[in-house]
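K.L.:
Okay, here's the structure, questions in a sec.
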Amino acid sequence: LITLRSDWEVAGQTYLSGSLLSLPLEDCIAGNFAAFQLLFAPTARSSLQSSAATKSFMVLSILKNVRTELQFWEYSGQGRWVEKKSAESGSGVPMGYDVSVMPVWPTDSDDVWVIKEGFLQPDALQLASAADCAAAPTDVKAKPAMFDAAGLVTEQWEATSADGTMVPYFFLIRRADMPLDGSTPTLLDGYGGFEISMTPGYSAGVGAAWLERGGAKVIANIRGGGEFGPSWHQAALKENRHKAYEDFEAVARDLIARGVTSPGRLACIGGSNGGLLVGNMLTREGAKLFGAVVCQVPLLDMQRYHTLLAGASWMAEYGDPDDPEEWKFIKTFSPYHRLHDVCLQPGSDWKCPQVLFTTSTKDDRVHPGHARKMVRRLLDEVPGDKAPKVLYWENIEGGHGGAADNKQRAYMWAMTYAFLWRTIGEGTLPKPP
């Protein structure tokens, strides 16, 4: 089995990046590539996320418009596969849910573990068989619900980015009776990098600390991620990095235009590469769209990121700041430099949203110096009326996750949601009698 990371022209045919091919080993050794069988070819709105092999089957997990679908291929010998379908198949996954498959004992059995979860459903483990396309799964175990999901719904919408690209987003979890008057406290989450897909997942913290209080949560599937395969990721590399940020701003504008929320009620959150994303929201025109920002373990000084900790390994994603030609475009998405070179220039009407930075002294991937420097510049160089609230929290333990154990993690997230509710949430719900 061969998964392509770039387009490949061979034996008179071109196979797209993200395709999955099958070829007998002896033909591969002999260079007889005409014997390929194409098991999956990506489209503009579909990508292969993973595969799992059993004794006789290959189970493919495919994202179609960020919704999971399972395909079952039965091995027929000589490197050939036959797709198997069933009218009773469990391959259709409801919107707002995700499914992963793992073989139980791949050398002896076609049994598979099926793990299901969704924005409103805790993780559930099932035992199924690839032989019947997982049509009759047996429940094994499930985690308990950690928040009241009654009255909550999940939808998927799209926004139009600056270059016309349609960007999907989960208008994840909201009250079914939510008014479209711009009053709902809404938290917009994103990542947009390293071909990582933002797919549905259960979060007790989001549910208990945000949704039960009347807030809404949104996940933007912006370019740079892996939702639509390698091409979606590659569309926001290096000099095209701005497209990820334009996508995120487009989602924010769409939420406001639909009446879901308003700038004073909209916040964004992101960590690591997502911290770079929301750092750009602080320093681009998008700052006007947000009332608050949570910037976690972020990259912010893109002139020196490659000299700190693991940063050198990310130059294929962002570029090489030591190359003068590449620095020209890198500095356009370096929040630390945008703050000085763009936001604080004479005539600028920029104003910093209320912001909370969090990091860890022992982060071994993204140096805490990124957040430290940005906060210092905001406090030292920005007039108080342009940066009304700049908060900073640095845990002395925890690594890149920001917390070393559940107690620290609970504290960090409680603080985060308290900040968000005090900045964009207070006054939105009627007072109790």
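In this text, residue positions in the sequence shown follow the working numbering: the first is 64, and each later residue adds one. Where a beta carbon is used, it is the ideal one built from N, C-alpha and C, also for glycine. For clarity, every value in this text was computed on a predicted model and none was experimentally measured.
Need the endpoints of the alpha helix (DSSP H) that Ser172 sits in, please.
P.N.:
No alpha helix (DSSP H) contains Ser172, which DSSP labels as neither H nor E.
K.L.:
Does the Cβ of Ser224 have 16 or more other Cβ atoms within 10 Å, making it buried, or fewer, making it exposed?
P.N.:
With 16 or more other Cβ atoms within 10 Å, it is buried.
K.L.:
Closer than 8 Å is the cut-off here; do at least three beta carbon pairs connect the stretch 385-398 with the stretch 448-459?
P.N.:
In short, these stretches do not touch, since the Cβ pair count stays below three.
K.L.:
Could you please give me the residues that DSSP links to Thr66 through a beta bridge?
P.N.:
Leu83.
K.L.:
Leaving aside the five residues before and after Met365 along the sequence, list all residues of the same chain whose C-beta is less than 6 Å from its C-beta, in chain order.
P.N.:
Excluding residues within five positions, the ones whose Cβ falls inside 6 Å are Ile393, Ser397.
K.L.:
Beta strand (DSSP E) containing Cys331: first to last residue?
P.N.:
Run containing Cys331: 329-334, per the beta strand (DSSP E) assignment.
K.L.:
Tell me the rounded alpha-carbon separation between Gly342 and Pro361.
P.N.:
Rounded to whole angstroms, Gly342 to Pro361 spans 8 Å at the Cα level.
K.L.:
Would you tell me roughly how many angstroms separate the C-alpha atoms of Phe234 and Leu243, rounded to the nearest one?
P.N.:
Going from the Cα of Phe234 to the Cα of Leu243 covers about 13 Å.
K.L.:
Out of Val177, Thr479, Met165, Pro416, state which residue places its alpha-carbon closest to the alpha-carbon of Pro451.
P.N.:
Considering only alpha carbons, the answer is Pro416.
K.L.:
If you follow the beta strand (DSSP E) that Ala222 is in, where does it begin and where does it stop?
P.N.:
Unbroken beta strand (DSSP E) run through Ala222: 215-223.
K.L.:
Assuming Pro231 and Gly181 are in contact, meaning their beta carbons sit under 8 Å apart, how far apart are those beta carbons, in whole angstroms?
P.N.:
That pair is no contact at about 16 Å.
K.L.:
Taking the C-alpha atoms as reference points, what is the distance between Gly227 and Asp174?
P.N.:
Cα to Cα, Gly227 sits roughly 44 Å from Asp174.
K.L.:
Is it right to say His403 is buried, meaning 16 or more other beta carbons lie within 10 angstroms of its own, or is it exposed?
P.N.:
Counting Cβ neighbours within 10 Å, His403 comes out exposed, since fewer than 16 surround it.
K.L.:
Across the stretch 75-85 and the stretch 105-123, are there enough close Cβ pairs to call them in contact, namely three or more that are closer than 8 Å?
P.N.:
Output reads yes: the stretch 105-123 touches the stretch 75-85.
K.L.:
Using the Cβ count rule (16 or more neighbours within 10 Å means buried), how would you classify Trp484?
P.N.:
Classification for Trp484: buried.
K.L.:
Buried or exposed: where does Ala197 fall if 16 or more other Cβ atoms within 10 Å of its Cβ makes it buried?
P.N.:
Buried.
K.L.:
What is the DSSP secondary structure of Glu302, counted as helix, strand or coil?
P.N.:
Of the three classes helix, strand and coil, the one that applies to Glu302 here is helix, per DSSP.
K.L.:
Thinking just about the alpha-carbon of each residue, which of Tyr480, Met344, Thr106, Asn95 is nearest to the one in Glu290?
P.N.:
Among Tyr480, Met344, Thr106, Asn95, the Cα nearest to that of Glu290 is on Thr106.
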